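The structure appears below as structure tokens.
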Amino acid sequence: MKYSIRFNKTRGQPGRGTSDHVWRVFEDHKKEYLFKNVKINVPSYSEKESISDDWNISCEGTLVIDKETSTAIIN
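Numbering-wise (numbering that gives the first Met the number 0), the sequence shown opens with residue 0 and increments by one.
Set out below in structure tokens:
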């Protein structure tokens, strides 16, 4: 599965997580998750969104969610 990670510029606003939820993780550009922490254990690369000026860190892998620490772990 492809994952794209982007800084959450709207953190702390209604529906956008707390001010500590600084990472947006997109699964195949469809489903979005908000996390406080991200750990990437696979090769990654930068990628510019084709429809905006936003940049992502992207990678292929499997997402493991640690709810206790609000961490996205991509293996």
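Every residue, glycine too, gets a C-beta built ideally from N, C-alpha and C.
Here the structure is a predicted model, which means the values were calculated and not measured.
Beta-carbon contacts of residue i that lie in its chain and below 7 Å, excluding the five residues immediately before and after
i   : result
K1  : D27, S57 and E59
N7  : R15, G16, H20, V21, W22, R23 and L33
I64 : A71
Test: residue i CB closer than 8 Å to a CB of chain B
i   : result
R10 : Although the question refers to chain B, the structure presented lacks it and comprises just one protein chain.
Among the options, the one whose alpha carbon lies nearest that of residue i
i   : options               : result
T61 : R10, A71, S45 and W54 : A71
I4  : T68, E48, E67 and K66 : E48
Length of the line joining the Cα atoms of residue i and residue j
i   : j   : result
Y44 : K38 : 14 Å
K35 : I50 : 26 Å
Per DSSP, cross-strand counterpart(s) of residue i
i   : result
N55 : E46
V37 : A71
Own chain residues within Cβ distance below 8 Å of residue i, not counting five before or after
i   : result
N40 : G60, I72, I73 and N74
Cβ neighbours of residue i in the same chain (closer than 6 Å, five flanking residues each side left out)
i   : result
S18 : R10 and G11
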